[in-house]
Amino acid sequence: MSYRVQIQPAGIEFLVQANETILEAALKHGIDFPHRCRQGVCTSCVCRLRSGEVRYNAPEPLSDIDKAQNFTYGCLAYPLTDLVLHHPFIRA
Ligand code: FES
């Protein structure tokens, strides 16, 4: 099972398998997706979720502020649906 992920505003699209993180899939597709720690600490991979649903392995990394802002950690999030994400520094 795979899901289509679109990154705005660049308009990049790629497929993410259900068992891989958004970051893993982006790097596999050659996308210059910002990241450093891959552990939910540095926040360089954080996108805004515009539509769709993701899941995290426990413990969920999101604070109440993250949830209120629809922040999504690309390095830890697995898609549950097709997604539209926003990250201002990802370029086509
Ligand atoms: S790569 Fe550091 S929080 Fe995701």
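With the sequence shown counted from 1, adding 10 to any position gets you my numbering. Built from N, CA and C at the ideal position, the CB exists for glycine as well.
Exercise for review: Just the C-alpha distance for A78 and G40, rounded to the nearest angstrom, thanks.
Suggested key: 31 Å
Review point. With respect to the alpha helix (DSSP H) encompassing L37, which residues constitute its N-terminal and C-terminal limits?
Key: Looking at the DSSP string, the run of the alpha helix (DSSP H) that includes L37 is I32 to K38.
Exercise for review: Thinking V15 and I32 are a contact (beta carbons under 8 Å), I'd like their distance in whole angstroms, please.
Suggested key: 6 Å
Check your understanding: Using the rule of at least 16 other Cβ atoms within 10 Å of the residue's Cβ for burial, across every protein chain shown, is A68 buried or exposed?
Key -> exposed
Review point. To which residues of the same chain is A28 closer than 6 Å at the C-beta, ignoring the five residues directly before and after it?
Key: In its chain, beyond the 5 residues on either side, M11 have a beta carbon closer than 6 Å to the beta carbon of A28.
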